[in-house]
Structure formats: structure tokens, C-alpha cells
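Per this note's numbering, the very first residue in the sequence shown carries number 1; after that it's consecutive. Below: one structure, written as C-alpha cells.
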Amino acid sequence: CNPMTSTRVRLIERLRCSSGQSIIEFALIAPLAMVLVLGVVDVSYALLDEQVVTRLTREGSNLISRDTTLADAATAMANMSARPVNFSSSSTVIFSVIKNVATTGSSNFGKNVLYRRYKYGSLPATSTLITNGPGSFGGAPDYQAANSDSDTSLQVTNLPAGLVTTGGMLYVTEIYTTHTPLTPLDKFGIPLPTTLYSIAYF
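Structure follows, in C-alpha cells:
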């Protein structure tokens, strides 16, 4: 028996076993690595889109706080919007002006009421600001409440106490927009956000 031959055979067998083991390990690790890579890509993409939405929302509140009419603010927002925000196809902006009523003896005295409201865009969306009822609002350009002093349905019920001083105003912009994930991460049972939302108070 040639010792060199038996050593060569053992070496070949060992290499074959090692190669098979590597293939099995790769088959086990590859799906987990793929999920991790897809997750990093999609989370980064969503964060980038969320940053765009947040910046635009802040700009909206800044606009309406400087006496820009709600209609003009909507036009300006449409002109400055960038992907993923597109009010004609996949996004909606909701402007709200909240007033703390200072009229002594009125039903809403000292209460935060929805003083103005305008919604612009194509995506079905509802404001997160909760009121006692729908209220009644006039038309363009201000979309002002018909009777903010006495219409108790306009009272906003989910604002923190003391956020608006008596007679003061709070300018709120909310944006909803659709978000299309880049990767099929949901196929792995991991749900991805399909709508992004941001709110800004001034």
C-alpha cells in the first residue's frame, strides 16, 4: 500500500465533505442575510421619504402661520412637493387653525376650537385632531368656521391642556402620502408601511 496514495485519497474526501458542508451552511444563512439586506434597504428608503414629508409638513405650518390663506398655502405646497408627495395622485394635506376662544360668555370661551380647516389632495385621509362634531366652514380662501364662538361641535378634544393660550392660535399641517416599498420584504412575513404620515404645529 502506497502511503502517498492513501493520504491523497483522504485529502480529497475531506475536501468533498468540506465543500458539501459549505453549501449547506450557505443555504441556511442566505435567506437570513437576504432578509437583513432587504430590511436595511427598505428602512433607509422609508426614512428618506419620511424626511421629505416631515420637511414639507413643517413648511406648511410655517406658511399658514404667516397669514397665508389656506388655499394659497395648498398651491404653494403642491409646487414645492417632491417624491413621494404628489397631491394629484397619492397624497393629501390637511390644514387646521385652532383658536382658543376669548369671547367672554360664549359657549366656547377658553376652549380650543377648529377655527379654519382645508383639505387638499387625492388620498383619502382624516385628521388626527378630534372635534365634538363636523362643524360648518365657509369657502375659499379662508375656510373659516361659521360660528367659532358658540358652535360646541368645533371644540378640539385631544390637544394637551395649555398648548394654546386664551385668544391664541395654533397652526397645524398634516400630510399623508403613499409609500411603495422597494423590496418584497412582506413576502417574508414582515409588513411594510404603505402610508407615511407627519404632523407639524406652529
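Glycine included, every Cβ here is placed at the ideal spot set by N, Cα and C.
Exercise. Given Ala91, which residues of its chain have a CB within under 8 Å of its CB, disregarding the five upstream and five downstream residues?
Worked result: The sequence as given places Ser at residue 91; Ala does not occur at that position. Cβ neighbours of Ser91 beyond the five flanking positions: Ser81, Pro84, Val85, Gly121, Ser122, Leu123, Ile175, Tyr176, Thr177, Thr178.
Exercise. Of all the alpha helix (DSSP H) runs that stay within the bounds of the stretch 57-139, which reach a length of 4 or more residues?
Worked result: 70-80, all fully within the stretch 57-139.
Exercise. Of the choices Asn100, Thr104, Pro141, whose alpha-carbon is the least far from that of Tyr115?
Worked result: Comparing alpha carbon positions, the residue from Asn100, Thr104, Pro141 closest to Tyr115 is Asn100.
For this session: State the Cα-Cα distance for the pair Asn147 and Pro193, rounded to the nearest angstrom.
Result: In this model, Asn147 and Pro193 are separated by some 39 Å (Cα to Cα).
Exercise. Shortest alpha-carbon distance to Ile42 belongs to which of Ile199, Tyr201, Pro191?
Worked result: Checking the sequence, you will find Asp at residue 42 rather than Ile. Nearest to Asp42 by C-alpha distance, out of Ile199, Tyr201, Pro191, is Pro191.
Problem set entry | Secondary structure of Thr183, DSSP reduced to three states | Annotated three-state conformation of Thr183 is coil, per DSSP.
Problem set entry | Nearest-angstrom Cβ-Cβ length linking Thr173 and Leu154, presumed shorter than 8 Å | Separation of the CB atoms of Thr173 and Leu154 is rounded to 19 Å, and the pair is thereby denied contact status at 8 Å.
Exercise. For Thr157 versus Ala102, is the C-beta distance shorter than 8 Å?
Worked result: No; because the gap between Cβ atoms is not below 8 Å, this pair is not in contact.
Problem set entry | Reduced DSSP secondary structure (H/G/I, E/B, other) of Ile29 | Here Ile29 sits in helix by DSSP.
For this session: Tell me whether Thr206 sits in a helix, a strand or coil according to DSSP, three-state version.
Result: A query on residue 206 cannot be resolved here, the shown segment of the chain reaching from 1 to 202 and no further.
For this session: Taking 8 Å as the cut-off, decide whether the C-beta atoms of Ala140 and Ala71 are in contact.
Result: By the CB criterion at 8 Å, Ala140 and Ala71 fall inside the cutoff.
Exercise. So which of Asn108, Ser136, Lys111, Ser107 has the shortest CA-CA distance to Arg117?
Worked result: It is Ser136 whose Cα lies nearest to the Cα of Arg117.
Problem set entry | Of the residues Lys187, Thr69, Thr54, the one placed nearest Val97, counting alpha carbons only | Considering only alpha carbons, the answer is Thr69.
Problem set entry | Which listed residue (Leu163, Gly162, Pro134) has its alpha carbon closest to that of Thr152 | The shortest Cα separation from Thr152 among Leu163, Gly162, Pro134 belongs to Pro134.
Problem set entry | Sequence-distant residues of the same chain with beta carbon closer than 7 Å to Gly138, five excluded per side | Within its own chain, the residues whose Cβ lies closer than 7 Å to the Cβ of Gly138, once the five positions on either side in sequence are excluded, are Gln144, Ala146, listed in chain order.
For this session: Identify, in the order they occur along the chain, each residue of the same chain with its Cβ nearer than 7 Å to the Cβ of Asp142, setting aside the five sequence neighbours on each side.
Result: The beta carbon of Asp142 sits closer than 7 Å to the beta carbons of Thr69, Leu70, Arg116 from its chain, once the five residues preceding and following it are set aside; these are given in chain order.
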